[in-house]
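**Q** Protein sequence lines correspond, in order, to chains V, R and B.
Residue numbers are given in the numbering used here: position 73 of the first sequence equals residue 73, and the series is strictly consecutive.
Residue numbers are given in the numbering used here: position 84 of the second sequence equals residue 84, and the series is strictly consecutive.
Residue numbers are given in the numbering used here: position 114 of the third sequence equals residue 114, and the series is strictly consecutive.
We put the CB at the ideal spot given by N, CA and C, even for glycine.
What follows is a single structure, and I will ask about it in a moment.
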Amino acid sequence: MLDLIHDYWLYFLVGQYPQGPLGGVAVTVLLAALALLLAMPVGLLLGLARVSTIAALRRPVTVLVYLVRGIPLLLMVFWIYFFLPTVTGHKTDQFSTMLIALVVFDGVYLAEIVRAGIQGVPRGQYEAARALGLAHRKAMRRVILPQALRSMLPSLVNQFVSTIKATSLGYIIGLTEASFIATQVNSQVFVHPTAVYLLLSLTYFVLCFGLSRFAFALEKRLARRALPHMARSPGSPTASAASNA
Amino acid sequence: MPGFDLPLLLHGQYHDWLVAGLLVSLKLAGLTIACALPLAIAVALLRLSPHRGLQWIGASYVELIRNVPLIAHLLFWYFGAPELLPDRVKERLYAGNYEFVAAAIGLTLYAAAFMAENIRSGIRAIPAVQFEAARALGLGFVAAMRRVVLPQALRVTVPPLLSQTVILWNDTSIATVIGVGEMMYQAARVETASFRSAEAFGFVTAAYLAGSLALTAVAGWIHRRWPVRTL
Amino acid sequence: MIQFNQVNKWYGDYHALVDIDETIAKGEVVVVCGPSGSGKSTLIRTINRLEAIESGSITFDGEDIHRRGVDLNRLRSRIGFVFQQFNLFPHLTVLQNCTLAPIEVGGARPAQAHQKAMALLDRVGLAHKADAWPAELSGGQQQRVAIARALAMEPPVMLFDEPTSALDPEMVGEVLLVMQGLVRDGMTLVVVTHEMGFARDVAHRVLFMDQGRILERAEPHAFFNHPQHPRAQQFLADIRTPFARAP
C-alpha cells in the first residue's frame, strides 16, 4: 500500500496537471466548491420564492423541487450530457455537465436551507428592530439576515459535504475526478484493487468527516451565542405572543 | 430534432430492455430495504445503549459509511473486496451475478447508516420525562417503552424513513457503475443503440418519479392519519 | 402627548379594540391593566404602529401617526418600546445593541453613540456588562439592557408591554426599580403590567380594560380602593383572593 501511495499520490491529487487537464481530488474539491458558490444565488432566489405570498412564484418552484428531489441526480446528469447536445447543437463537456447538474441539485437544497434560516429568526427580532426606528431594509440587513446566515452555516457546510460526494457521479460520464483517477490507477496496477479503493474511500472520509466535524463545531458555537427561541415553537409554554393581551 | 417516438417505448426490443431494467431496479431496492431496516435498528440501538464501547461501534459505523460516496462503496465491494478471497471463490463470484450482490451489499450498508440516524433521532425526540412519567405510574421498562415511548417515536420516525426510502430508490441508479442491469444501465444502452435519448430517459424519469411521488404520497397519508401529537 | 380618537381594531371578525378614546399627557405615568385578552398589549402596540387600526385616529405629539407621508421610522425612533420577551439582538454585544439605532437611524458617530450608550448602561446598572453577549445575561439583566437600548434614541415617551411577565420573581424588582428611576426623571410612561404594586406606588393613572374597551380610568388610590365598574371589582377581587369564588 505504501508503494501505491508513493507512486500515485500526485496523480491522485491533481491528475495529469500541468501536463494535462486537472484531475483527481483537486477536481472533486474545485467542482464542489464552484457548484455550491454558483448555487447560492439560485438557492436564495428559489428560497424566497418558496416563502412568497404570490402563488405564481411559489407554485412552479414547488413543482421544481419535487421534480429534482424525485429523480436520481445521475439521471439529471444523463439528461444534460446526452440530451442537451441535441437541443443546443454542441456537446457539453463533462465538467460543465456536472457543474450544471450540481448547481440545480444544490440550488434546490439551498432553497430549503435559506427558507428555514429566515423563518427561524423569531418575529420579535424584526419587531424590536422596527420599533427602534430601523427601516425594513436596514432591519433585514443588520438584524435578521446576520442571524439567519449564522444559523444556516452548519447546514451550508453539510451541503458542501453532500456536494463533494455527488461529484463522484462524474466518474460515470468520464470526468477525471477522484473516483475516476482511482480506477485509472487500479487498471495500471491491477493487482491491488483492495488497497486502491480503500485509499479512495479513506480520502473521501478524511475530507467529508473533517468538514462535518467543522459543521458540528460551528453549530455548538452558534448555540452558545443564541438566545432560546421562545416565541417560535408552537409547543412551548411561553408561546403566547406579546401581542395577545 | 425528430419527434418523440412513443411506440418505441411500448413494444419491441428497447421496450423489453427498459422494462427488464425497471424490474432489476425494483428488485434491488426491495432487497436493500428489507436488509437495511433491521441493520439500521441494530445500529441505532448500539448508539443509544448505555455502554460506551457499543456506542462507539455504532458511531464509527455511521461516520465511516456516511462520509464516503456510494460509488466508492460499490467500487470497493465489486473490485476491491473479492481480492481478499481465495482465487477459486473469486472466480465463481465473477462468473455469477456478483455485480447485483455487490450493489446490494453496498446499498444496504449505505442506506442503513442513514436510516439508523433517523431512528435514533426519532427515539431521542421523545423527551426522557415521558419515560419517567410512565415509570412513575408503575409501568415496567418494557411496558413503558411499548405503550408510551415507542408509539410516539414511531410516528416521528416514519416520515424521515420514507424520505430515506425515496433516496434509496433513486440511489439504485448508481449500481450502473459496476454493471448492474438496472434502469439507468438499460437507458444508456438504448441511447447508444438508437440515439433516442429523450425516449429512453423519459421512460426512466417517469419510473423514478412514479416511485418517489408514490412514496411521498404514502408518507403524507401516514402523517395525516397518524399525526405526531405534541404538547 | 398621545391621543386616541374613536380607535377601533379588528382581527378578522374579532373586535380587539372598541371605541378607544384616551389622552395621555406629557410626564404622565399610565398603567394599563386587565384580564388576558382584554386588548392591553394591542392598545400600546398601536401607538408605534406595530399593530394597525381599522378606524379612528391616533396622534403623537400633535401629529396623526397614520397620515400619508408620515416618516414611520422617525416616529418609531421617538417612541421607546420595551417587549415582554426583551428581544435583544443575540448576534450583537450589549453595547452594540444600544448603539445600533443611534448610528443607523440617528446618524450619530460611533464614538458619540458609544459614550451615550455607556452612560445609559450605567444608569441601568450594567456598564460592566457592555461587552457581554445577551445569551450570557439573566432575564432581568437582559430586560434592563432592553430599556437602555430603547432609551438610546432619547425618546420623549416609553412604552412597556408586560416588561416583567417573562421574568423569574426575584428579578422583577430590579426592572421595576429602573422604571421607577425613569419616572423620577420625568419620563412619560405607558405600562401594560400585572404588577399591581408598581401601579399603586408609581402610576399617576390606571386604565382598566376588558374585551377591547377601557372600562375604568382612575387614580391608583381610587381604583384599588373604590373600583366603580363591576368588571373591575371582579378583577381586583380575583387578584386578592383567587380561591374565594362562589361555586
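What's the gap between the Cα of V:F216 and the Cα of V:R225?
**A** Position 216 of the first sequence holds residue 216 of chain V. Position 225 of the first sequence holds residue 225 of chain V. Going by the C-alpha atoms only, they are around 15 Å apart.
**Q** From which residue to which residue does the beta strand (DSSP E) around B:S26 run?
**A** For the purposes of this step, residue 26 of chain B is identified with residue 26 of the third sequence, where counting begins at 1. Residue identity check: residue 26 of chain B is Lys in the sequence provided, not Ser. Here B:K26 belongs to no beta strand (DSSP E), and DSSP marks it neither H nor E.
**Q** Exposed or buried, V:S168, counting other C-beta atoms within 10 Å across all chains shown (16 or more means buried)?
**A** To locate residue 168 of chain V, count along the first sequence from 1; it is residue 168. With 16 or more other Cβ atoms within 10 Å, it is buried.
**Q** Under 7 Å between beta-carbons, which chain V residues line up against B:W133? List them in chain order, please.
**A** The residue labelled residue 133 of chain B in the question sits at position 133 within the third sequence. Ordered by position in chain V, the residues that pass the 7 Å Cβ test against B:W133 are R225.
**Q** Quick check: is the beta carbon of R:Y14 nearer than 9 Å to any beta carbon in chain V?
**A** The residue labelled residue 14 of chain R in the question sits at position 14 within the second sequence. Closer than 9 Å: no.
**Q** Consider the Cβ of V:V100: report whether some Cβ of chain R lies at a distance smaller than 9 Å.
**A** Residue 100 of chain V sits at position 100 when you count from the first residue of the first sequence. For clarity, residue 100 of chain V is Ile in the given sequence; the question names Val instead. Taking Cβ atoms only, chain R never reaches closer than 9 Å to V:I100, which makes this a no.
**Q** List the DSSP bridge partners of V:N186.
**A** Here residue 186 of chain V refers to the residue found at position 186 when the first sequence is read from its first residue. In DSSP, V:N186 forms no bridge with anything.
**Q** Who are the near neighbours of B:R76 in its chain, counting only those whose CB is closer than 7 Å to its CB and skipping five residues on each side?
**A** Counted from its first residue, the third sequence places residue 76 of chain B at position 76. Cβ neighbours of B:R76 beyond the five flanking positions: N48.
**Q** Let me know the secondary structure DSSP gives R:F195 once reduced to three states.
**A** Counting from one through the second sequence, the residue named residue 195 of chain R turns up at place 195. Coil, per DSSP.
**Q** Name the residues in the region 172-184 of chain V whose C-beta lies less than 9 Å from a C-beta of chain R; which are they?
**A** Cβ contacts with chain R: I172, A178, S179, A182, T183.
**Q** Can you grab the Cα-Cα spacing for the pair V:V196 / V:V29, in whole Å?
**A** Position 196 of the first sequence, counting from 1, holds the residue named residue 196 of chain V. Position 29 of the first sequence, counting from 1, holds the residue named residue 29 of chain V. Their backbone Cα atoms lie some 20 Å apart in a straight line.
**Q** Expressed to the nearest angstrom, what Euclidean distance is found between the alpha-carbon atoms of R:I57 and V:Q16?
**A** For this step, residue 57 of chain R is matched to residue 57 along the second sequence. For this step, residue 16 of chain V is matched to residue 16 along the first sequence. Going from the Cα of R:I57 to the Cα of V:Q16 covers about 39 Å.
**Q** Starting from the beta carbon of B:H91, find every residue of chain V whose beta carbon is closer than 9 Å, and list them in chain order.
**A** Counted from its first residue, the third sequence places residue 91 of chain B at position 91. Here the neighbours are V143, P146, Q147, R150, R225, A226.
**Q** Residues bridged to B:I214 by DSSP?
**A** On the third sequence, position 214 is the one that residue 214 of chain B refers to. In DSSP, B:I214 forms a bridge with B:M209.
**Q** Note the first and the last residue of the continuous beta strand (DSSP E) segment covering B:G56.
**A** Stepping through the third sequence from its first residue, residue 56 of chain B is reached at position 56. Start and end: 55-60.
**Q** Report the rounded CA-to-CA distance for B:S235 versus B:K40, giving the unit in angstroms.
**A** Mapped onto the third sequence, residue 235 of chain B falls at position 235. Mapped onto the third sequence, residue 40 of chain B falls at position 40. Note that residue 235 of chain B is Phe in the sequence shown, not Ser. Using only the alpha carbons, I get a separation of about 14 Å.
**Q** Return no unless some Cβ of chain B is closer than 9 Å to the Cβ of V:K91.
**A** Looking up residue 91 of chain V in the first sequence gives position 91. No, its Cβ sits nowhere closer than 9 Å to a Cβ of chain B.
**Q** According to DSSP, is R:N97 helix, strand or coil?
**A** Position 97 of the second sequence, counted from the start, is the residue given in the question as residue 97 of chain R. Reduced to three states, the DSSP call for R:N97 is coil.
**Q** State the DSSP-derived secondary structure class of R:N118, mapped to helix, strand or coil.
**A** Stepping through the second sequence from its first residue, residue 118 of chain R is reached at position 118. In this structure, R:N118 counts as helix in the three-state DSSP scheme.
**Q** Report the rounded CA-to-CA distance for B:A119 versus B:T99, giving the unit in angstroms.
**A** Here residue 119 of chain B refers to the residue found at position 119 when the third sequence is read from its first residue. Here residue 99 of chain B refers to the residue found at position 99 when the third sequence is read from its first residue. Distance between the alpha carbons of B:A119 and B:T99 is about 12 Å.
**Q** According to DSSP, B:G80 sits in a beta bridge with which residue or residues?
**A** The sequence position of residue 80 of chain B within the third sequence is 80, counting from 1. In DSSP, B:G80 forms a bridge with B:M158.
**Q** Using the rule of at least 16 other Cβ atoms within 10 Å of the residue's Cβ for burial, across every protein chain shown, is R:N97 buried or exposed?
**A** Within the second sequence, residue 97 of chain R is the residue found at index 97, counting from 1. It counts as exposed.
**Q** Where does V:I5 fall in DSSP's three states?
**A** Counting from 1 along the first sequence, the entry for residue 5 of chain V is found at position 5. If DSSP states are grouped into helix, strand and coil, V:I5 belongs with the helices.
**Q** Only counting the same chain, and skipping five residues up and downstream in sequence, which positions put a Cβ closer than 8 Å to that of B:H114?
**A** Taking the first residue of the third sequence as position 1, residue 114 of chain B is located at position 114. Excluding residues within five positions, the ones whose Cβ falls inside 8 Å are L95, T99.
**Q** Any chance the CB of R:R47 is under 8 Å from a heavy atom of the ligand ZN?
**A** As presented, the structure is devoid of all ligands, the ligand ZN included, so that no description of it is given.
**Q** Would you please verify whether the beta carbon of V:A116 is less than 9 Å from any beta carbon of chain B?
**A** Stepping through the first sequence from its first residue, residue 116 of chain V is reached at position 116. Chain B contact via Cβ: absent.
**Q** From the DSSP output, read off the bridge partner residues of B:T188.
**A** Numbered from 1 along the third sequence, position 188 holds the residue referred to as residue 188 of chain B. Answer is B:V157.
**Q** Can you tell me the Cβ-Cβ gap for V:P72 and R:N170, rounded? I've got them flagged as a contact below 8 Å.
**A** Start at 1 with the first residue of the first sequence, and residue 72 of chain V comes out as number 72. Start at 1 with the first residue of the second sequence, and residue 170 of chain R comes out as number 170. The pair is a contact, with the Cβ atoms about 4 Å apart (cut-off 8 Å).
**Q** Let me see if you follow: with CB-CB separation under 9 Å, is V:F209 close to chain R or not?
**A** Mapped onto the first sequence, residue 209 of chain V falls at position 209. Yes, V:F209 lies at the interface with chain R (some Cβ there is under 9 Å from its Cβ).
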